[in-house]
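Below is one structure, written out as structure tokens; comments come after it.
Residue numbers (my numbering), protein chains in the order written: chain A, 1 to 256; chain B, 257 to 468.
In structure tokens:
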């Protein structure tokens, strides 16, 4: 029964604090802390929600395993052919697995009103969506890259090539999450958003596929894979800088 | 100190598709005042509230906050506004406590956990605080929204149908929260079909859908 007055007092003090807080946040150090805090906040929240719905994560990973396993059944068990197919199949499957997980990135937040609250919060939206994309990669891209050596051995890929494959996926899957996030944010609220998302995102994924699978092919041909991996790394850096701003803008348009 | 005008709407108009929802809406709101927007379904109450909160661009006119014109997602407005829309922005997978903890931490990193438990107690959800939101009723979800309002310190509350799904006890809690908010110099813009549970002389009315 004593609760109501206590809330009242806390609230009265709070309103006076608001302008002071705004003034304090003008400092550069505070701004940096606010950006990092916002990234961490979104990352922790999405990570926690993802861990509570393990089923969904499992389905996505299982999809990846099954698609990779289907190709040898449909083609030939000869190690020669499998080793030729392997890089392309593993990379295409990673692409499809990433695509499958994209609707979860923003659509559920859009439906339950979370996105509105995030966009209206005092923290920078660019940082908040960055945290969301990081959580998406940690829960979808990273497991795919981690499974790759195991699945690659099905395709008679030798150990050095498995290393190149994993390296290319570690560099490439974050790009998939980032580019996919642009598509996911742009198709928010659109009818038939899922299909539209695939049409929008798959062509953007093509360069990542080319350099990713190309790296493993180069390693198999005995050539250095470094140029391919460097291009992937450059692409990743470019996407890291540009994509959060594009996604934040797309989210704001979707909310209007 | 005479009440200062903080929020001002000038010749607001909104359009949805080809349909003009409303035009020429003007109002001012000073510290400690509440505005209750009423009107038939589809008259644009939610749109007006979203414009005030800075989520939607008006077709014409502008919102001024503390004397300055604002654009959507304006940083000054974001420092001041708390928006409770149709959806309470809760994650089904997390408990009431975790949801509230996440939201308040976005606004205030130093908020003590005790305060969150207190706020949940204040809206009658102490025993349900560890349950996943999935199993809570519509009214209980709205109560979490009320607890968030109590914890997050904002000057301007924008509430869309705050009484929906609330029982008598919860609407009493809302009334107490609103009174405390207005007493402390806060502002409130609410859309509601029922009268808000505050003294009638504290709230001004705005009717949408009538010829100006």
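A virtual CB, placed ideally from N, CA and C, is assigned to each residue, including glycine.
Since this is a predicted model, take the numbers as computed values, not measurements.
Original post:
Which first and last residues belong to the beta strand (DSSP E) in which residue 69 of chain A is found?
Top reply: Here residue 69 of chain A belongs to no beta strand (DSSP E); instead the alpha helix (DSSP H) covers 54-74.
Original post:
Going by other Cβ atoms of all chains shown within 10 Å of its Cβ, with 16 needed for buried, is residue 289 of chain B buried or exposed?
Top reply: Buried, by the Cβ-count rule.
**OP:** Keeping to the same chain, check which residues put their C-beta closer than 7 Å to that of residue 24 of chain A; ignore five residues upstream and five downstream.
**Re:** The pLDDT assigned to residue 24 of chain A is 47, lower than 50, so where the model puts this residue is not dependable; a value taken from the coordinates is nonetheless given after this. Once the five neighbours on either side are set aside, the close Cβ partners of residue 24 of chain A are 30.
Subject >> Per-residue burial, residue 54 of chain A [other beta carbons within 10 Å of its own, 16 or more giving buried] >> reply: With fewer than 16 other Cβ atoms within 10 Å, it is exposed.
Subject >> Inter-residue Cα distance where the pair is residue 421 of chain B and residue 427 of chain B >> reply: One alpha carbon belongs to residue 421 of chain B, the other to residue 427 of chain B, and they sit about 9 Å apart.
Original post:
Measuring CA to CA, which of A:250, A:38, A:89 is closest to residue 181 of chain A?
Top reply: A:250 is the residue among A:250, A:38, A:89 whose C-alpha sits nearest the C-alpha of residue 181 of chain A.
Original post:
In chain B, which residues lie less than 8 Å from residue 252 of chain A when you measure between Cβ atoms?
Top reply: Those are 328, 329, listed as they occur along chain B.
Original post:
Whole-angstrom Cβ separation of residue 256 of chain A and residue 312 of chain B, contact assumed at under 8 Å?
Top reply: Rounded to the nearest angstrom, the Cβ distance from residue 256 of chain A to residue 312 of chain B is 5 Å, consistent with a contact under 8 Å.
Original post:
Who are the near neighbours of residue 61 of chain A in its chain, counting only those whose CB is closer than 6 Å to its CB and skipping five residues on each side?
Top reply: Closer than 6 Å at the Cβ level, and outside the excluded window around residue 61 of chain A, lie 143.
Subject >> Cβ-based neighbour list, residue 306 of chain B, same chain, cut-off 7 Å, excluding 5 preceding and 5 following >> reply: The answer, listed in chain order, is 312.
Original post:
Of all Cβ atoms in chain B, is any one closer than 8 Å to the Cβ of residue 23 of chain A?
Top reply: Here the model assigns residue 23 of chain A a pLDDT of 47, short of 50, so the residue's position is not dependable, and the following value carries that caveat. The beta carbon of residue 23 of chain A does not come within 8 Å of any beta carbon belonging to chain B, so the residue lies off that interface.
Subject >> Contact with chain A by residue 413 of chain B, beta-carbon distance below 8 Å >> reply: Chain A has no Cβ within less than 8 Å of the Cβ of residue 413 of chain B.
Original post:
Where do the ends of the alpha helix (DSSP H) carrying residue 391 of chain B lie?
Top reply: Per DSSP, residue 391 of chain B lies in no alpha helix (DSSP H) segment and is marked neither H nor E.
Original post:
Does the Cβ of residue 425 of chain B have 16 or more other Cβ atoms within 10 Å, making it buried, or fewer, making it exposed?
Top reply: Exposed, because fewer than 16 other Cβ atoms sit within 10 Å of the Cβ of residue 425 of chain B.
Subject >> Identity of the residue in A:193, A:115, A:214 nearest residue 343 of chain B by Cα >> reply: Here the closest residue by C-alpha is A:115.
**OP:** Could you round the C-beta distance between residue 71 of chain A and residue 188 of chain A to whole angstroms and report it? I think they count as a contact, below 8 Å.
**Re:** Not confirmed; about 34 Å, so no contact.
**OP:** Output, in chain order, the set of chain A residues within a Cβ distance shorter than 7 Å of residue 318 of chain B.
**Re:** The premise fails here: residue 318 of chain B is roughly 16 Å from chain A at the closest Cβ pair, so nothing lies under 7 Å.
**OP:** Could you round the C-beta distance between residue 450 of chain B and residue 405 of chain B to whole angstroms and report it? I think they count as a contact, below 8 Å.
**Re:** Contact doesn't hold; Cβ gap of about 18 Å is too wide.
Subject >> Distance, residue 90 of chain A Cα to residue 236 of chain A Cα >> reply: As the crow flies, the alpha-carbon of residue 236 of chain A is around 19 Å from that of residue 90 of chain A.
Original post:
Per DSSP, residue 351 of chain B is paired with what?
Top reply: B:388.
Original post:
Can you tell me whether residue 277 of chain B is buried or exposed, with buried defined as 16 or more other CB within 10 angstroms of its CB?
Top reply: With 16 or more other Cβ atoms within 10 Å, it is buried.
Subject >> Through-space distance from residue 201 of chain A to residue 103 of chain A, alpha-carbon basis >> reply: Cα to Cα, the separation comes out at about 12 Å.
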